[in-house]
Structures are given as structure tokens and as C-alpha cells.
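Chains as they are written, first to last, in the numbering used here: chain P, 1 to 361; chain C, 362 to 908; chain Y, 909 to 1541; chain B, 1542 to 1641; chain S, 1642 to 1807.
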């Protein structure tokens, strides 16, 4: 029974949330960018699906709609293409590392999903179930650890490409991630300080009355910015800046391995959205509404409320990505070291003082 | 205690001066400020120090046999270390000698051409260290100043010295440090022993000098450790070979300070520390010290005779003269001890002046070989006159200062150690031999026009340098009374105290024996507990030395 | 000195020459001729002051002038005191009187010398020191003068310092004197140690009262120590070698310092400390032996010398021996008597020699002289008178003093040497004969016969001849004047010097006196005959016994002997100590230690590979080793 | 429950491996990493003992070890970089001269 | 529980050996990262959760990233392969074995009498409490150390513009 529940949790976290989020993000990326750039975007796949079978007609219609919206393209075409494509490995690279890198890039991200609570506790099968794969009491720390570990994939990918572009990309990536990790760590400490717990579930519960964003907007801003940088996206995509480094650290990747990077990146977007939601936007909480019981219905409701918020943040990130121009590298570093780090420190001191004076908590 | 800290201001004024010297505005970041300004400033500092030290003499009460101008401040209380300074008749004159010589040294620094600022700063630091050593009444303070003397001297020899300056500087430092490290061990042992008995950690000289818990054997070892440090500094006969090298290589001012003051520190240490602390051991060591001193007298004179380098000759003459001083002190008699201190002053003046004279020659001819000179008396009569006077002072002609010191030493020590004294009297003859030989070979004979024809006589500045020394030679030779009057009560009291302590220690059994036995028992207990204590690892653990 | 003290102003006596020395040097640098005038004036003033004091000196009293306390420490107290008693008075008279004459003489003698301001400054400084010596109220002040005269002697011998040999002679004089001084110092220490004072007034009763329960051995020891000092100063065997060399100085210096005054300081000191010496008969016996030996050796050496000053120098040494003989016999007044007469005639002789040298353009070899009586009559006559005086011919002063010496020796009552005194007397008489002989020889060679030189001798100017005449007169009649014949008896004047040994005094007839001076007459006559008539005879004598002649002309090879057994071994030892002991052994050990550390450092440097992993291995290996050692073994 | 001895022996083995690595390897960075191995083995013993004796001091020690390791990494790597810049090598055997 | 430990132990040792045997330092670094994760796991088995997390964050997340960074920065230029030195290898092996065996035996016998493991939980709160009370001074010192390290690293690694290298 226990095992069953665990497997179910994993399925929910990994497939229902992570993969779906990744897929959704991909779609938004494709179609949304087209929208932003005032072009049509992917709309050809399944656009001409016709069937004579009446029974299948609605399906075909649905497929056409989906194709027109670019969903088919994103979900099927790209995947099939990637899977079928030759797995090209450049000459003279350490094959093992080359193969390992994408998975190392993705693995911590998905692992991180394990500690994120997705819904309010509910009763089923005669016990209270928390929709959280691993209920660590130091969940934030785990998240942080995983975030910092994900550098390895990038670094190894860049190095094993045996390509100057990829190496440079990897170097940029690792430097960037380490730099921003500092501000992230300190901001997380601020959050922990404010809520007085490391448990994400507790944090969500703490926001039952008032969302965190209301009394720690600066922390949110910092974490949001850092999150963008950690995902190496948006204006922070120096490691893969196509105009300079072809494709940065995954220049030498193609096919399935490329897809895995792709997936990981979007999973990371989702993860950050999830994190921000949980830390600042009350998780599954709805303003002025308290879940009346721990019936499983309410869990489903809560789950979807959460997802809604997460989707909003995913879209927000993608919109920013397609809106803002890329930083210069020194600007990137300046922002990390000279603005965000001191700012987060001051922020920490401020909240610590507040806490000491009894202003919060 | 609340009055003006005269002694501290004298000690630290030169140090402050040295620091200020480095704040002197220069021309550009790295250049020396104009050397005249630097010299003038140093001159002012040393002169103020001298004037202040004259105040010391003025305020000194010779009838008070204790320490005067005492300042006692807690410094490092957890180690019982205090900033304790004071002055008695013995140190008074050595302080005066130091402050008196320094303006002269500064005045003679004109021959230093490179890095004048550094040179003078070193000199000022050196002065502070020497003065500090002379007035320190805390063993730790004493040791700090004692070691502080080395660094500036090292630089003075090593930077502004002659051709083999590095060798000489290194030799000087290694020699001296070798001795003083042993002394440091001795100090710590003494403090430890004191702590064992009284349960108080103190480095205070006055407390330790009343400590009576040492066995004779301990005293002997400690005395040996102290005496070695001091004997090297003096230097007493077999430890003297650093001296000629250091003197020859040092610049003129360095030699003057070295001979004038630093050598005295050794004997001063013997007087201030070794004898009062270990009176029984001192008595046991007296024949050896006296023997070495007498050997030093004769040996130094003989070797000086054989020298071909003027400075080396004067350096060896220092060995001989300091031999007298040591003899006078170890004879331990009011007359001889006073003579010994008097002779230290004399030696500072006359040998200092001789080094200055050699410096004058060296500035002009850049050689110190005796054979390079000859017949100078005809060319530079005033120089020859000065040289003659200081030579005579050095060989103790009556009515010069040298005679008083030498006479007192010999007359006094004759009463205690007649045998040694008779040998030492031979030094009187030998002194005349080597000094007059030097004088003859440099000043008399036909002048070599090619070499020395262009020599100029002493300049006005040099004359001003020598004038005070010249005056003192005669003042101290003709009317030594003010000096001796100030010295006498202190020395009488000093000798009385040491003798009484010696008697007291001899009559009482060492009180620490019980303690020592307990320690030994404890040690044995520890060693029997562990089976593995017989291993080499155990040997690594430094065992508490068993007495 | 159980006499009464009278306070008086004595210091100007010494002060005038000191001031003169300073002025002569300072002003003389500007104008050379002033130096001589100033110095002579200073000396003359000093002399006048002495005369004034001596005139006023009552019998059995002494003048005292306590200037200041020189050294005062614990029980060691030394006052800077001047005293004028009869002994000092006599010495002062001689020093300042003869000194003034010689100053006067020098103004002419040195008038061409560039450095005469120095010369006169030194000369006055010497006067100052000598006066300190004789005026000093205790041994310490005496010692100041004692060393001071040594210094001035050194400076004046090396006056012509451009000649390194002269300078070396000065150094030799100083060093040999210093050896004596060392002995003197030891004597002072002994006295200080056992009696506690060096003041003569306090010392004499302390010693003579016998309160110092130390016995004869102590007196002997002190006396011998002091005598060593006297030997050095007064050129007695074995320390006499410096005096002949001292002739390197200008001749007036020889006259003043090395004949009339300084060399007699030893005799003065003996007389001063006579109360001590009479208690130490053994020491007196030593003094006698040394004195006789010195007198004889010097006299024989003088026989073969050709340098006129050397002859005089050896004669001085010999005469000093005579003085010490008197002292040894306990007849201190006799010694002083001879000091005085000797000062007269020897100064005259030296000045005469100086006049000759001056006249012959610095020729000193008698073989290049001769026949000067025509050219320099005054010099010749004064010299001749002095020769007769020194030869001891009756009524010249030398006779009086020498006769007194012989008389004193005949009354030798010292338990030591009692059985030898007869033979000693014979030797002394023979020496007296030799004295007459060689002095006549020098006179004859210089003034008689034909001129053998190449210069153009001329009589000296008046400042030189006047002192000669004065001194010759004194030399001729001084002895008689002092011996009581004219109402003034030096013996009575110096009665304080009679320490129980009352010398028998008897007036003698002229005939007896002439007979008594037979040794002198014989010597003079023999020499006169030999060097004027039988000119081959001296050479024949010398050829008869070649070793003897060689020994004599080689001056008994004292210099060579000292060189071989003392100076050169010491030089060698010095070089050995420096090169071998100091540089080789001591410094060798020090540098050896350094080299050893260096070498072992080099050795261990091999292990310092700079390889990190090597260090790590060593570190770890050692750790493992100790762990195994600790846990396993 | 696993006995503490096993943790200790594990740490010991890891430490030995680290030491061997330090000795055998010449690449400065690898040496550095071997040192990290050793540090970690010690950390392991700290934590093991902490658990054994119910005392958090061991974990605190680990914390400080990590701080030191971090500082060491920063400085050590900077040194390695400058060594490399000077000698174009990070072989420890090439840096045996102590000066460049 | 025991199985986890032994599994981890084997992984730990294997990765440790890998660190010192891989020729390519990048592989060594990767092996070390893995090793560090295993150590973190071992910490977790000892209920030191906070330390485990910090182990990952600091060691794996920061230190090793730095190492990798430097390795990658230099790797292009690191062509020289270290020649194998059997002497050092042998000596080191012997020493290592002796060390391990001796101390292992000693540990084996030495800690049998150790008390049973406590139920100490190394939670953030527990560690924090100790850290900020008893160890607050060392903690501050550690911060100073880090500060110095940062400054030192910057100074050391900065390219020298002023003094041109000779």
C-alpha cells in the first residue's frame, strides 16, 4: 500500500506535473513566441488531417484544432523527430560523459520535484496523504542543493562537446549559476527566516491568511530574477546565446539528448514557477477561502489552483524571455554580484531585524 | 608615580623620532627627503634626549641607593609582565653615555651617503633599545630591548657597512642571538621556579632577585646561561671574534655605538641580572670569569699588536679594555666595580673617538690599512693631535679618563684577585705597545706624497664632533669626583646586597627540594600508568626537566 | 717627614709651564719665534716661584697646597696635593733652574726648526710633568708626573718624527718606561692594599712605626716593585736600553730630560720612599747590584763609542748607577747630591755637545771632529771643566758627590752583601776610573788635535754659551757649595732623609782630597796620554782582546738580546695568536660551526626535492611509522 | 544498526585512498581533490561519533571543515591558476623550484 | 538500513579509487562528486540531515563546481599526461595499507565498548542552536576566514595589469 501510494505520488509529480509543465512550456514557447513576434508559428502539423470515418471525425477535428494551435507539433512532431534523429556524437569526445551530461542536467530538476508539495493533505485509503514524494523537513535546502547540482550536467555537456563554443557556454553557465546561487541562497534564507520553517508544506500553510508576496515583495523579486538566471533563460541566456556561441553548451547535441536538455530546461522553468508559487503566492491557497475539509475533492481543487498559478509564472517567464534583450556578460555578473547579492543581504538583515523586533512571525 | 615620566620619554623619544623620520616629506614617493633636513632632525632628537638625560643626572639623588625615576605599569598581567623601569647610579652613567654619544654619531653620519634616512632611523631605534635595556627592571622588558638592539645594528652593519658587511652582520647577529636564546631559556626557568614556589608568575627583577628557592646547581646552570649571553656581548675572550668583523665592516657611527655602548650591555647585564640573581654561582664563577677577562686583556692586546687594519686594531683593543672592565667587576669590590663602570664610560669615549678618527681617515682615503698611511702628523697636525690624545686616553695616561678607570680597576681587583691583576698589569704595557705602534706607523715617518699628499686636516664639523669627547677625556681624567660620588653609594649598596644575599642563601637550605621531590614522584607515577610509555612517542613529549 | 705643614700656594710652579705649553703651541703656530720666548719665560717664572718658596721654607717644615680631591671612592682617597719639603725644594731648583737654562739654550739651538712651537710646548709640558713628579704629595700625583715625563720624553725623542727610527726610539723609551711603570703601579697597589694610603706624610709614620704588621717581606716586595719603576725611569739594567736610543731627540732634550732631570726621577723616588727602602735591606742589596752592574756596563760601553751623544748617554747611565749605589747604601742625601751635581755637569756636557753638533752642522761622530778648541773656545772650556767634574777631580763638584758615594759604600751596614762589599768597591772605583777615562777621551777627540771634519765649525751664539758658562761654573763649584764648605750643607738640609743611617762625616784636607781623587786623575791622565800622544795604543788594546772589543762596541748586545728573547718572540706570538689562535682556532671554530651547519644543510637539501608528493609520502610514511610504533610494537 | 566501527573503517579506507592519491598523483587539482577525499573521510568519522555519543559538536566540526574546505578551494584554485599562468603547467613536479 | 550502508560503502570506496585512478582529471572530479553525494547519503543514514544537505550544497554545489570550472578552463592546455611512477605508487600503497590495517585493527578492537548509537537528529534547528550559541565565535571567525579567502582568491587570480611579467 505504502509503495503504491509512493508510486502514485511519483507519477503525479513527475508525469502529471513535471512533464506536463515541460510540455506546456514548450508549447507556450513555440506558439507564444510566435504570438509575441506577430507570426503564425507552428500550425502545420495535423492541419490537414481528414477522415471519412464519422466516428473519427471529431478526433480529426480536434487534431486539426490542436495542430493549428501547434500542440501536435510540439508534443508529437518534435518528439518523434528527436527520437528518430541520428544520435550524433562528435569525434574525440568522451562518449560516456557526453551521454551522461543531459541526464545529469535533468535528473536533479526532476528530483527536486520530489520535495514539492502539490496539494493540501487529503484522506484516502484510510490515511492522510500528502501529495509530496519525499516529505523532507528541510525541503528548501534540498531544492537548493538540487539547483546547485544541476550545474554538472551543463558543465559536462559543454566540456564533452570538444568544441570551443560549447566549452565557453559551459564556463559561462557554471559561472553564472554559481554567482546567482549566492543571492538565491540568501533569499531562501530570508524566506525561511520569515516563515520560520524549512518545510515547504508548512510554508504554504503559513500563507493561509496572507500570501507571502504581500510582505516580502523584494525577496520575491530577487528570487524571481535569480530563478530566471538559474534557468539560463530570458535575458540571462548567455550560455546558449545563439548569436555568439551557436547554441552554447549543447551545441554538439542532437536528437534525443538535445531533447532531454530541452525538457530539463522547461522542467526547470516549471520548478521555479512552482517554487515561487509555494513561497510567495500561497501555493494552493485561495484568497479569502479556507479548504473546509481534507476530502480528496478539495485536494484536487487545490492541486489545480496551484497549477494555475504555476502556469501563470511559466508564461510570465517565457514572455519575459521573448521580450527583453540579452545582457552583456559583465552586466550579468554585475547584476549578480553587485546588485542582487548586496540587496539580498540587506533584505536578510532587514527581515532579521524585523523578526527580532517582533514585527513578523 | 604621577609625575612626568622622564625615563620613559627618554627611552621612547628616539623611537618616536625614528617614526617621525619616516613621515618626513620627501621629493617623490621613493626618494629620500633632503638628507640635511633628516640629519638636522635626528640631531635635534638626539640632543633633546641628551638634555633630558642631563635632567636625570640633575634629579638623581646619589644617596638614594634604590632605583629612581621608577615607573611601574602592568603590561601583560597574565604573565606577570610589567613595564617597570628605573635608574640607579650604575645605569645612570651608561644612559648618559648613550645619550651623549648619539648626537656625535649623528654628527658623524655625514660620511653616510646612501639612504641617510634609514641609517639615522636605525640609529634612533638602536638608541631607544639601548636606553630601554639600561633602565628595564623587568626581565621580559629587558629581554625585549636586548633583542631589539640587534635588528637596527644588523641593518647598520649589513646595509651601510664595508665589503664583507653581510658576513659581519650575520656573524654578529648569530653570535649574539646564540647567547641570548640561552638567556631566554634561563629567564623562563627562573620564572618557572619562582612560580613553583610562590605560585605567582612574575618577571619583575626585584622580586626575582629576592627569590631563594634555587639550588646551587641550578644557580650554576642559570648563571652560565646568562653569563654566556653577556660574555658574548662584552665580548669576553673566546667569544670575541664577531667583534673585529663587526667593527671593521660597520660604518663609523655603527662602530662608535657598538664600541661605545653596546659592548657595555654585556657587562651591564652581568651586573644587573646575573650577579644579583645568582650570587652563589657568581662566586663560583669568579675565578673563571676573571681568568677569561685577564686572558682577554693580554690576548686582545697581543692580537691588536699584530693587526694591519686600523679599525681591527682598535676593535681588538676593545677586547682588551673590556677585559679590564670585566675583571674589575668580578673582583667585586667597591673600588674595582666603580672603576669598571668608569672604565666603560672611558672606553665609550676614547674608543668611540678613535673609531671616529679612523672614520675621518677612511672618508678621505677609503682604506684602513695601516701600511697605506705614514707621516700624517706633518700633513694633518690637528688630526695627529686628536689621535694622540685619544691614543693616550686609551693607554691610560694619568690625567686622562682612561687612567682613572684602569687604576681603580687594578687597585680594587688587586685586593681581591692579586694574581689575575698582576697579569692584567701586563696589559698596561702591551696597550702602550700596540697603540704607539699604530700611532708611529700612521702619524710618523716620511709622508707618501702620492698617497696621502692630498689629505686635508679635520674640518670644522669634525672638530665639533671631537670637541666634547676631547673635553670629557680631560674632565673625567682630572676631576672624576662628580662621577664617582654618584656611583659610590649605589655600588656599595649593590655589593652589600649581593653579599648579604649570598650569605643568606649559603646559610639556608634550598626550600624547593620538597617540591622537587613531589614532582619527581608525580612523574614516576605517570610513567608507571602507561604500558606504552616506553615507546619513542613518549620521547617526543617533552618531559619536564627534573632537577 | 715628621715635620710641620705650612699651607702655601705651590700650584703656580707647575701651572706656569702648563700654561706656557699651551701658549707656546697655540701662539707658536702663528709665529714660531714666540714659542721659545714664552716657554723660557714660563720656565723662568716657575724657577722664580720656586726660589721664592725655597727661600721662605723654614727648617723642619714643609709647604703644602691641597688643590682638590682627585679620587675618592670607598676607602681609596687620593688628594691632588703639592708639597714642598727640602727634598722637593732641591729637585725643583734643579728642574726649574737647569730647565730654564736649557730653554734659553734651545731658543738658539732650535731657531731654524719648523716645528719649534711643538718643541717648546713639549718642553714646557715636560717641565709641568716633572714638577708634578717632584711636588706631588703622594705616590699617585707623583705617578702622574712619572707617566707625564715618559710621554714628553716619547714626544721629544720622536720630535723629528719624519725619521721613523727616531720615532721608534721614542716608542721604545715609552714602552720600556711603561714596563717600569707597571712595576711601580703594582707597588702602589700593594701599598694601597696593605697600608691604605699613598700619601707620603701618612705613609712614613705608618711604615716606620711598624704598625703594618707585615714584616720585611712586604717591604722588600713593595720596594722591589717601586725599584722596577725606578729602573725603567732611570735606565738601570735591565731597562736601560732606551736611553742611548733616546739620543735621537734634539740635544737640549737629551740634556734636560735624559741627563739632568727625568732620568733622576727614579733616584728621587727612591729618596722619597727611603723610609721604606731602609726597612728592606734585601731590596737595597738588589739595588746595589743593579746599580753597580749598570754603572760598570755603561762605563765600559762608553769606552768604544764614537758618537759624542752616545758617549754621554752611556756616561749618564753609568752615573745613574752611582746615584743608585748611594741610595742602596741608604745614603739618600748623597744620591740627591749626586743628582744635583750630575745635573750641572752632565747638562753642561750635553749642551756642550749640542753646541759642537750645532757648530759642526749636525755632525755627531767624534772621529770627524777634533781641534775645535780654536773654533769654539767657550764650549771647549766649559766642556773641559765638566769633564773634570764628572771625572771626580777634587774640588770640582763631581768629586764631592762621588766621594760621598764611595764613603757611603764603605760604610755598608746592610747584612746582605756584607762580605762582597770590598770587591764591589774595587769595581766601583774602577768604574770611576773608566768614567774619567772615556770622558777625557771624548774631550780629546772632540776638541784637541786637528779638525777632521769637512764643515766649518763656529762658536755658538750667546743664548747657548751663557747656559754653558753658568752650568760649568755650577759644575765646578756646586759640589763644594753644597757640601757645607760654604756654610750650606746639603746633608743637613736633607736631614730628613737620614733614616737612622747616619753617615759619618769628616772634613778632609786638600791633599787628602787630591789623593782621594786618584781614580779620576789616573783616568784623565791616561786618556790624555793615550789619545794625544800614543794614538795607536787604544787600537792595540782593542786588538789584543777582539771578543772584548766586539762586545764593548756592540754595547754588550743588549738590544739584540732583548730583540731575540723578548721582542721578536712576542711579535711572533702576537702574529701567532692572531693568525692561528684567533683566525684559525676560535674563528675557525665559529666559522666551522657555520660551515658544518651549511654542509649538513646542503646534505639535507638533497632530501628537499621540492616534489610535493615526496613530502606527502614522507609525512605520511612518518605518521604510519609512529602509529605502527605506538600500536604494534 | 551499523556499528560505529564500520563507519570508522570505511573512513579510514577512504582516507588511505586519499593519501595514496596525494602521493601518487601529480596533477595539482587531483591532489587537491584527494585532499577533499581525506577531509570527507574525517567528516564521516565526526558525524559517526556525533551520532554515537549524541553530541552535535561533531557535526559542528564538519561544518567548520567545510568552511575551511571552501576557503581552501577558493585560495587553492586561485594559486593553481596563477601557477599555471606562470609555468603553463599544474603538475606538482613542475613546481618544484618554489620560484618562477 | 545496513544494506544501504554497505551499498553506499562499496560505492564510496569505488568512487574514491576512481578519483585517484582516472587519468583524466575531469573523470576524477566526476568520481569525486559522486563520492561526495555518497558521503552525503552516509550522513543522512546517521541522521545528520542538515550536514548532508550542506555537504551537497557546499561540496558538490560549490567547491566541486569550482574545481570543474578550473579544470575545464585549463583542460585544453593540459596535454601532458603524468607518467606513472611505480616507486611512489608502491611506497604509497604500502604506507596506505599499513596505515589502514594498523588503525583498522586498532579501531576494531578499540571501539567495541562504545555506547549504543544515540537517537540524535542533526536537524537544522538542532545544529543551528549549537552553532549560534556555543560556536558563535568560531562561526564568526569562519566568516572572517571566508572573507579573507575571497579577497585572497581575487588578488591571486587577478591578471596583473600593472607589472608586466618578465
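Beta carbons are placed, not taken as given, at the ideal position from N, Cα and C, and that holds for glycine.
Do three or more CB pairs link the region 401 to 411 of chain C to the region 376 to 385 of chain C at distances below 8 Å? yes
If you measure from the beta carbon of residue 1076(Y) to each beta carbon in chain C, is any gap under 8 Å? Counting from 1 along the third chain, the entry for residue 1076(Y) is found at position 168. True, the Cβ-Cβ gap to chain C drops below 8 Å.
Check each candidate in 1467(Y), 1262(Y) and 1332(Y) and name the one with the smallest Cα separation from residue 1375(Y). Walking along the third chain from the start, residue 1375(Y) turns up at place 467. It is 1262(Y).
Decide if residue 6(P) is buried, meaning its Cβ has at least 16 other Cβ atoms within 10 Å, or exposed. The residue labelled residue 6(P) in the question sits at position 6 within the first chain. Label assigned to residue 6(P): exposed.
Looking at the C-beta of residue 961(Y), does it have a partner C-beta in chain C at a distance below 8 Å? As a position in the third chain, residue 961(Y) is number 53, starting the count at 1. So, not an interface residue.
DSSP beta-bridge partners of residue 433(C): Walking along the second chain from the start, residue 433(C) turns up at place 72. DSSP, once it has assigned bridges, lists 445(C) as partnering residue 433(C).
Could you list which residues in chain Y have their beta carbon closer than 8 Å to that of residue 1564(B), in chain order? Locating residue 1564(B) in the fourth chain gives position 23, where the first residue counts as 1. Under the 8 Å cutoff, chain Y gives 1521, 1524, 1525 and 1528.
Quick one: using the 10 Å Cβ neighbour count with 16 as the cut-off for buried, is residue 812(C) buried or exposed? Position 451 of the second chain, counted from the start, is the residue given in the question as residue 812(C). Classification for residue 812(C): exposed.
Would the region 1388 to 1406 of chain Y count as touching the region 1317 to 1325 of chain Y if we require 3 or more Cβ pairs under 8 Å? no
Does any C-beta atom of chain Y lie closer than 8 Å to the C-beta of residue 849(C)? The count along the second chain starts at 1 and reaches residue 849(C) at position 488. It does: the Cβ of residue 849(C) has a partner Cβ on chain Y nearer than 8 Å.
Name the chain Y residues that come within less than 8 Å of residue 1571(B), Cβ to Cβ? Looking up residue 1571(B) in the fourth chain gives position 30. None at all; the shortest Cβ gap to chain Y is about 11 Å.
Partners in chain S for residue 159(P), counting only beta-carbon separations shorter than 9 Å: On the first chain, residue 159(P) is found 159 positions in, with the first residue counted as 1. What residue 159(P) touches in chain S: 1667, 1709, 1712, 1713 and 1716.
Strictly under 8 Å for the Cβ-Cβ distance: is residue 702(C) near chain Y by that measure? In the second chain, counting from the first residue as 1, residue 702(C) sits at position 341. Residue 702(C) does not count as touching chain Y.
Residues near residue 1133(Y) by beta carbon distance below 6 Å, same chain, minus five either side: Taking the third chain and counting its residues from 1, one reaches residue 1133(Y) at position 225. These residues qualify, in order along the chain: 1091, 1094 and 1095.
Which runs of the alpha helix (DSSP H), 4 residues or longer, sit entirely within the region 1035 to 1108 of chain Y? 1047 to 1065 and 1072 to 1102
Beta-carbon within less than 7 Å of residue 75(P)'s beta-carbon, same chain only, minus the 5 sequence neighbours each way: which residues are those? If you number the first chain from 1, residue 75(P) lands on position 75. Hits under 7 Å: 23.
Is the CB of residue 790(C) under 8 Å away from at least one CB in chain Y? Counted from its first residue, the second chain places residue 790(C) at position 429. Answer yes: the Cβ-Cβ gap between residue 790(C) and chain Y drops below 8 Å somewhere.
Neighbourhood of residue 351(P) by C-beta distance below 8 Å, restricted to the same chain and skipping five residues each side: Locating residue 351(P) in the first chain gives position 351, counting from the first residue. If we look at residue 351(P) and ignore the five residues flanking it on each side, its Cβ neighbours are 190, 193, 194, 216, 219 and 360.
Closer than 9 Å, Cβ to any Cβ of chain S: which residues of the region 114 to 141 of chain P, in chain order? 136, 137, 138 and 141
Express the C-alpha separation of residue 1579(B) and residue 1536(Y) in angstroms, rounding to a whole number. Locating residue 1536(Y) in the third chain gives position 628, counting from the first residue. Locating residue 1579(B) in the fourth chain gives position 38, counting from the first residue. Between residue 1536(Y) and residue 1579(B), the C-alpha separation is close to 20 Å.
Other residues of its chain near residue 389(C): CB distance less than 8 Å, five sequence neighbours each side excluded: Against the second chain, residue 389(C) aligns to sequence position 28. Residue placement at residue 389(C) is flagged as unreliable, the pLDDT there being 43, under the threshold of 50; the coordinate-derived value follows with that caveat. Taken in chain order, the list of residues that qualify is empty.
Have a look at 1155(Y), 1052(Y), 985(Y) and 1202(Y) and flag the residue whose alpha-carbon is nearest the alpha-carbon of residue 1038(Y). Your numbering for residue 1038(Y) matches position 130 in the third chain. Residue 1038(Y) has its Cα closest to that of 1052(Y), out of 1155(Y), 1052(Y), 985(Y) and 1202(Y).
Other residues of its chain near residue 182(P): CB distance less than 6 Å, five sequence neighbours each side excluded: To locate residue 182(P), count along the first chain from 1; it is residue 182. So the qualifying residues of the chain are 341.
Out of 139(P), 319(P) and 134(P), state which residue places its alpha-carbon closest to the alpha-carbon of residue 279(P). The residue you call residue 279(P) lines up with position 279 of the first chain. Out of 139(P), 319(P) and 134(P), 139(P) has the C-alpha closest to the C-alpha of residue 279(P).
Does the region 1220 to 1231 of chain Y come close enough to the region 1266 to 1276 of chain Y that 3 or more CB-CB pairs lie under 8 Å? no
Which residues of chain Y have a Cβ atom closer than 7 Å to the Cβ of residue 1626(B), listed in chain order? Walking along the fourth chain from the start, residue 1626(B) turns up at place 85. Here the premise fails: no neighbours, minimum Cβ distance about 18 Å.
Return the CA-CA distance between residue 1370(Y) and residue 949(Y), expressed in angstroms with no decimal places. Taking the first residue of the third chain as position 1, residue 1370(Y) is located at position 462. Taking the first residue of the third chain as position 1, residue 949(Y) is located at position 41. Rounded to the nearest angstrom, the two C-alpha atoms are 17 Å apart.
Distance, Cα to Cα, residue 1124(Y) vs residue 1115(Y)? By one-based count along the third chain, residue 1124(Y) stands at place 216. By one-based count along the third chain, residue 1115(Y) stands at place 207. Distance between the alpha carbons of residue 1124(Y) and residue 1115(Y) is about 11 Å.
Output the boundary residues of the alpha helix (DSSP H) element that contains residue 1153(Y). In the third chain, counting from the first residue as 1, residue 1153(Y) sits at position 245. Segment 1150 to 1153, the alpha helix (DSSP H) holding residue 1153(Y).
Which stretch, first to last residue, makes up the beta strand (DSSP E) that contains residue 972(Y)? The count along the third chain starts at 1 and reaches residue 972(Y) at position 64. Residue 972(Y) -> beta strand (DSSP E) spans 969 to 981.
Relative to the alpha-carbon of residue 1067(Y), which residue among 1046(Y), 1032(Y), 1158(Y) and 1056(Y) has its alpha-carbon at the smallest distance? For the purposes of this step, residue 1067(Y) is taken as the residue at position 159 of the third chain. Comparing Cα-Cα distances from residue 1067(Y) to each of 1046(Y), 1032(Y), 1158(Y) and 1056(Y), the minimum goes to 1158(Y).
Run through DSSP, which three-state label would residue 1111(Y) get? Residue numbering aside, residue 1111(Y) sits at position 203 when the third chain is read from its first letter. Looking at residue 1111(Y) - three-state DSSP - the assignment turns out to be helix.
Let's test the definition: count the other Cβ atoms within 10 Å of the Cβ of residue 1297(Y) and tell me whether it reaches 16, buried, or not, exposed. Along the third chain, one-based indexing puts residue 1297(Y) at 389. When all chains shown are included, residue 1297(Y) counts as buried.
Residue 1583(B): contacting residues in chain S (beta-carbon distance under 8 Å): Counting from one through the fourth chain, the residue named residue 1583(B) turns up at place 42. By Cβ distance, chain S contributes nothing, its closest Cβ being about 11 Å from residue 1583(B), past 8 Å.
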